[in-house]
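The structure appears right after this line, and notes come after that.
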Amino acid sequence: MTDSVYTQLLDLACGAFLLAAVVVLWLRQLSSIVEVFALQGVALAAVAALLGLHEGRPGLLAVAAGVGLLRAGVLPRLMLRALTAGTPRRPYPHYQEDVSETRETRPLVNVAASLLSAALLTLLAYAVSRPLVELHPTPATRALPVGLAVVLIGFFTLVTRRRALAQVVGFLLLDNGITATAFLAASGVPLIVELGVSFDVLLAVLVLQILTTRMRAAFGGTGIDDLRELRD
Amino acid sequence: MTHATTALLLTAPIAVPLATSAAYAASGLRGAKARAGVAALAHRTPRRRGAAAPVATLVLRPGGRTDESVHHGSPTGTRGDGPGTATPAGPGTGSVAPPGPGTGPDGSPRPGPGSVTSAWPGPGPDGSAAPERRGAGSVVPPRSGTGRVGVVPPRPRDAPRVARPEAAGAVPRPLTGRLGLVSPFAILTCGAVLACTVPDDGPVTAYGRLLRADALTVWMLLTVGAVACLACAANPAHLAHERTDLPAARRYHLLIHAFLAAMSAAVLAANLGVLWVAIEATTIVTAFLVGHRRTRASVEAAWKYVVICSAGIALAFLGTVLLYYAARQAGIPEAYALDWQILAARADRLDPSVTRLATGLVVLGFGAKAGLAPLHAWLPDAHSQAPAPVSALMSGVLLSVAFAALLRYKVIADAALGAGFTRTLLAGVALATLALAAALLLAQRDCKRMLAYSSMEHMSLIALGAAVGSPLALSAVLLHMAGHGLAKTVAFCASGHIARLCGTTRIGRIRGLLAHAPCLGTAFAAAVIALLGFPPFGLFASELGLFRAGFLSGPRWAVAAALVLMLIAFAALAARTSRMLLGPPPGEDDEEEPVPLGADAAAPLVAGLAACAALGVTTGPLTALLTEAGEIIGGH
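Here the protein sequences come in this chain order: R and S. Start counting the first sequence at 1; every next residue gets the next number (the working numbering). Start counting the second sequence at 1001; every next residue gets the next number (the working numbering).
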């Protein structure tokens, strides 16, 4: 693989990675959001695999496979299960009236404004990460702002979306962004840390899935706006 | 010390709680298997006890349980352990399949399909109306369950710790209170042994620099161990009164010990990445402890807790990644680029602008876990909804452990950037948190939330001490962590008893506690007095040291502002508490006897207050340790 092909492929993967985060903001159907999140996991694994190929480190390829498995396979499946567990099966599947549980109906910021914010956040990420790129300019570190942009978009999703599952996706976007930053900046953190982090993320999603179930049992829905028992 | 001893000392604080946790998990599995065996046996040979059981059930039923359906795994009968109740299940169990731990993977309280249940009529707390089965009532052994002993009339003792290993029969006995004390004592013992050696011999490492213990580690281990001892000693009394069913109690113990293991790991980790993993693990294991009661409020608190803490602490991981990047670019090899000691030693080579960004993210991230603004919103909710011993652990040590992680990063940042950056950052965060806590304390109407905001107040003082940054200030900070941990543990455990006694945590509805329940009221009053910073308690000494150091070397404006804000918080806390404590007791008739506090419940409270007072008088043999720990963080 020549350097220019490597750079182009890396930029392509990073572009897909960022695009997936933006599309998450654009969509409202929760199942589609989860699918896009899975695609983002594939893009992340591709970034890691490209870095591994370029640097000739088979260990990194294995990490890439693990990351792909977790973020494009296991986590989306878990979330879809949480989603389908809560939606009662209807007799006429194509004639659904009540779709509020599976859709993000009332985000705090509407879709158009969200997309605009995503653009602003990306600009902010580029501005903030200038010293990071200047420290060691390579094709990989030049793509570093993408990781930070996804972190910011993830935070934005977490804050503005009012469905439990959409918040989980926001948290995972944040995490994907951090993992991408780690890969692009330093070809990933040491293996033991990477393993620990992946395990923690998996457990956190499991916990959140169970809490979603309990929330549905206690509140009759998964809207975050219903959570207002506790306040001062 | 030989290498093996070191490895043992550094591993035990993590391994023993993990093993305890596993033992609780295994007791569930074993119980399931034995239950199957007993069920088969009971089918063939009905025992005589079966005849007596319905009578006992009748005795039990007026025990005021109309509001709650109680699930009985039938072999729990052996654990009732009154003399002579060791016979396992009566007839009728045979018709039921092996119960399993009774819970799905989601830890749902509903008995799993096939678990032996008999429910008293009435809607369950989770809305699952269990079917009433009169016939099955005879299955219920008279004194079943670990938990509800405190409310069952025929049972005089308020003693849920009922392990009687010598009476082991076919059915394994449940693991109860005493096992719960093993892991805190292990942590405390390892801390004590290390406290004897580390100040003289210097830091020790194990497993190829995976675990490391320096003076700061040892101090935190001691604090975690001491607070965990108190909280675990308070557990049985708490569970007894909460009427927790057996699987839920087992899950509770399992999670508590996993929580202790995660905190020990966070304290002992030499690698900053592993440190992060351990702190995130504390969030995960405590999520279900916060949501233990499954009410709407506790589900809400658990959700907010996991989302805010996980997202907040993810920022700290981003900061760690950036620091790793800077370290790699500074020529530190991959294996050592996250090792705290090496990073701190070579921090002057790190790129300043990258380190600045990383430090900001880390302060924000670990600040979230330590209850500092702006990501503090989870704290009052989680602390008010968690069971009292869990609140005590979270408030008493989890916040401090997270802040100790922040202190480690502070050393690196100070060496790379000079002291000014973290000083400004931490002082700003501390004042913001303090202002917020003082304002919300003024308007507080809930007792446990009041204690939670008081934790924020104390954490902001700790952050202020870190901002001052001199060795004296840091020693005071560490002393403050320990003193606050002990006093807050007592306060939360007492508040748990108060909530049970009065049936509410609303400050407005609690009156005359000193007259109504003198022992409990005195313990709570003493704990609040300690939290207010009066002598002879440890917090007086630490606050004195902190402000002295602040006016000597620190940002004086910040310290002065903090004093004013503290005064507001002081007034609010004192006013609210005196409302609860003083005045006539709530009952109309004067003949009402003062409510005594059982010895089991009183022991942890007294021990905590005594330890806190001892810390205020002298640090004794720990002085060298404390000074050295202060030097490690503040000596640069």
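A virtual CB, placed ideally from N, CA and C, is assigned to each residue, including glycine.
Hey, S:C1447 and S:F1537: beta-carbon distance below 7 Å or not?
-> The residue given as residue 1447 of chain S occupies position 447 in the second sequence. The residue given as residue 1537 of chain S occupies position 537 in the second sequence. No; because the gap between Cβ atoms is not below 7 Å, this pair is not in contact.
Consider the Cβ of S:R1296: report whether some Cβ of chain R lies at a distance smaller than 7 Å.
-> Numbered from its first residue, the second sequence carries residue 1296 of chain S at position 296. It does; some Cβ of chain R falls within 7 Å.
For the candidate residues S:P1352, S:L1379, S:V1397, whose alpha-carbon lies nearest to that of S:G1420?
-> Position 420 of the second sequence, counted from the start, is the residue given in the question as residue 1420 of chain S. Of the candidates S:P1352, S:L1379, S:V1397, the one whose C-alpha sits nearest the C-alpha of S:G1420 is S:P1352.
Taking 7 Å as the cut-off, decide whether the C-beta atoms of R:P76 and R:F37 are in contact.
-> For the purposes of this step, residue 76 of chain R is taken as residue 76 along the first sequence, with counting starting at 1. For the purposes of this step, residue 37 of chain R is taken as residue 37 along the first sequence, with counting starting at 1. Result yes, Cβ atoms of R:P76 and R:F37 sit closer than 7 Å.
Within this structure, are the beta carbons of S:A1370 and S:L1426 separated by less than 7 Å?
-> On the second sequence, residue 1370 of chain S is found 370 positions in, with the first residue counted as 1. On the second sequence, residue 1426 of chain S is found 426 positions in, with the first residue counted as 1. No, the Cβ-Cβ distance between S:A1370 and S:L1426 is not below 7 Å.
Under 7 Å between C-beta atoms, does R:L137 make it to chain S?
-> For the purposes of this step, residue 137 of chain R is identified with residue 137 of the first sequence, where counting begins at 1. Per the sequence shown, the amino acid found at residue 137 of chain R is Pro instead of Leu. Not one chain S Cβ lies under 7 Å of R:P137.
Tell me which same chain residues have a C-beta within less than 7 Å of the C-beta of S:W1340, skipping the five on either side of it?
-> Indexing the second sequence from 1 puts residue 1340 of chain S at position 340. Answer for S:W1340: A1270, L1272, R1408, listed in chain order.
Three-state secondary structure assigned by DSSP to S:R1506 | Counting from one through the second sequence, the residue named residue 1506 of chain S turns up at place 506. Correct three-state label for S:R1506: strand.
On the three-state DSSP scale, how would you describe R:N176?
-> Mapped onto the first sequence, residue 176 of chain R falls at position 176. DSSP places R:N176 in helix when its eight states are reduced to three.
Distance CB(S:E1631)-CB(S:P1471) smaller than 7 Å | Here residue 1631 of chain S corresponds to residue number 631 of the second sequence, with the count starting at 1. Here residue 1471 of chain S corresponds to residue number 471 of the second sequence, with the count starting at 1. Yes, the pair counts as a contact, with Cβ atoms nearer than the cut-off.
is_contact[R:I178, chain S] using C-beta, thresh 7 Å | Translated into positions along the first sequence, residue 178 of chain R becomes position 178. So yes, R:I178 belongs to the interface.
Could you give the DSSP three-state label for S:G1122: helix, strand or coil?
-> The residue labelled residue 1122 of chain S in the question sits at position 122 within the second sequence. At S:G1122, the pLDDT of 35 sits below 50, so the modelled position is not reliable; the number obtained from the coordinates is stated separately. Note: S:G1122 maps to coil in three-state DSSP.
For R:L108, decide whether its Cβ has a neighbour in chain S, counting only Cβ atoms nearer than 7 Å.
-> Taking the first sequence and counting its residues from 1, one reaches residue 108 of chain R at position 108. Answer no: the Cβ-Cβ gap between R:L108 and chain S never drops below 7 Å.
Simplified DSSP state of R:Q29, which is helix, strand or coil = The residue labelled residue 29 of chain R in the question sits at position 29 within the first sequence. Residue state, collapsed to three classes: strand.
Find the residues of chain S that neighbour R:P145, judging by a C-beta separation of less than 8 Å, and give them in chain order.
-> In the first sequence, counting from the first residue as 1, residue 145 of chain R sits at position 145. The contacting residues do not exist; R:P145 stays about 12 Å from chain S at best.
Residue nearest to S:L1474 in terms of C-alpha spacing, selected from S:F1547, S:L1513, S:R1209 | Position 474 of the second sequence, counted from the first residue, corresponds to residue 1474 of chain S. S:L1474 has its Cα closest to that of S:F1547, out of S:F1547, S:L1513, S:R1209.
Is the segment 1207-1224 of chain S in contact with the segment 1257-1270 of chain S, if contact means three or more CB pairs nearer than 8 Å?
-> yes
Would you kindly work out how many angstroms separate the C-alpha atoms of R:A182 and R:C14, rounded to a whole number?
-> Position 182 of the first sequence, counted from the start, is the residue given in the question as residue 182 of chain R. Position 14 of the first sequence, counted from the start, is the residue given in the question as residue 14 of chain R. Computed Cα separation, rounded: 13 Å.
Keeping to the same chain, check which residues put their C-beta closer than 7 Å to that of S:A1569; ignore five residues upstream and five downstream.
-> In the second sequence, the residue the question calls residue 1569 of chain S occupies position 569. Excluding positions up to five away in sequence, the list reads A1437, A1438, L1441, E1457.
7 Å Cβ cutoff, S:S1310 in contact with chain R = Residue mapping note: residue 1310 of chain S aligns to position 310 of the second sequence, counting from 1. Interface residue, yes.
Cut-off 6 Å between Cβ atoms - residues of its own chain near S:V1490, not counting five sequence neighbours on either side = Looking up residue 1490 of chain S in the second sequence gives position 490. Excluding sequence neighbours, S:V1490 sits near A1527, L1605, G1608, L1609.
Take every Cβ of the segment 202-213 of chain R, pair it with every Cβ of the segment 1219-1232 of chain S, and state whether three or more of those distances are shorter than 8 Å.
-> no
S:L1289: which of S:A1249, S:V1468, S:L1417 sits nearest, CA to CA?
-> Residue numbering aside, residue 1289 of chain S sits at position 289 when the second sequence is read from its first letter. Comparing Cα-Cα distances from S:L1289 to each of S:A1249, S:V1468, S:L1417, the minimum goes to S:A1249.
Going by other Cβ atoms of all chains shown within 10 Å of its Cβ, with 16 needed for buried, is S:M1394 buried or exposed?
-> Position 394 of the second sequence, counted from the first residue, corresponds to residue 1394 of chain S. The residue is buried, with at least 16 neighbouring Cβ atoms inside 10 Å.
Could you list the residues in the segment 182-198 of chain R with a C-beta less than 8 Å from some C-beta on chain S, going in chain order?
-> A182, A185, A186, V189, P190, I192, V193, G196, V197
Where S:V1204 falls: helix, strand or coil (DSSP) | Here residue 1204 of chain S refers to the residue found at position 204 of the second sequence. S:V1204 falls in the strand class under three-state DSSP.
With 7 Å set as the bound, which would you pick, yes or no: does the beta-carbon of S:F1317 sit closer than that to a beta-carbon of chain R?
-> Mapped onto the second sequence, residue 1317 of chain S falls at position 317. Chain R contact via Cβ: present.
Write down the C-beta distance between S:A1430 and S:S1460 rounded to the nearest angstrom, noting that I regard them as a contact closer than 8 Å.
-> Position 430 of the second sequence holds residue 1430 of chain S. Position 460 of the second sequence holds residue 1460 of chain S. Between S:S1460 and S:A1430 the Cβ distance is about 4 Å, and since that is below 8 Å, they are a contact.
Mind checking which residues open and close the beta strand (DSSP E) that includes S:A1213?
-> Working through the second sequence from its first residue, we reach residue 1213 of chain S at position 213. S:A1213 -> beta strand (DSSP E) spans 1211-1213.
List the endpoints of the continuous alpha helix (DSSP H) containing S:E1300.
-> As a working note, residue 1300 of chain S is residue 300 in the second sequence. Looking at the DSSP string, the run of the alpha helix (DSSP H) that includes S:E1300 is 1296-1329.
So what does DSSP say about R:D225, is it helix, strand or coil?
-> Translated into the one-based positions of the first sequence, residue 225 of chain R becomes position 225. It is helical.
Who does S:A1269 pair with in a DSSP beta bridge?
-> Mapped onto the second sequence, residue 1269 of chain S falls at position 269. Note: S:A1269 sits in a beta bridge opposite S:L1211.
Identify which residue in S:L1260, S:V1354, S:L1615, S:S1384 has its Cα closest to the Cα of S:A1476.
-> Here the question's residue 1476 of chain S lines up with position 476 in the second sequence. Of the listed residues, the one whose Cα sits closest to S:A1476 is S:L1615.
Where the alpha helix (DSSP H) containing S:G1630 begins and where it ends = Numbered from 1 along the second sequence, position 630 holds the residue referred to as residue 1630 of chain S. It spans 1623-1634 - the alpha helix (DSSP H) in which S:G1630 sits, taken as one unbroken run.
Quick one: does S:V1559 have its CB under 7 Å from some CB of chain R?
-> Residue mapping note: residue 1559 of chain S aligns to position 559 of the second sequence, counting from 1. Not an interface residue.
Residues near S:E1543 in its chain [Cβ-Cβ closer than 8 Å; skip 5 each side] = As a working note, residue 1543 of chain S is residue 543 in the second sequence. Result list for S:E1543: L1461, A1476, H1480, G1533, in chain order.
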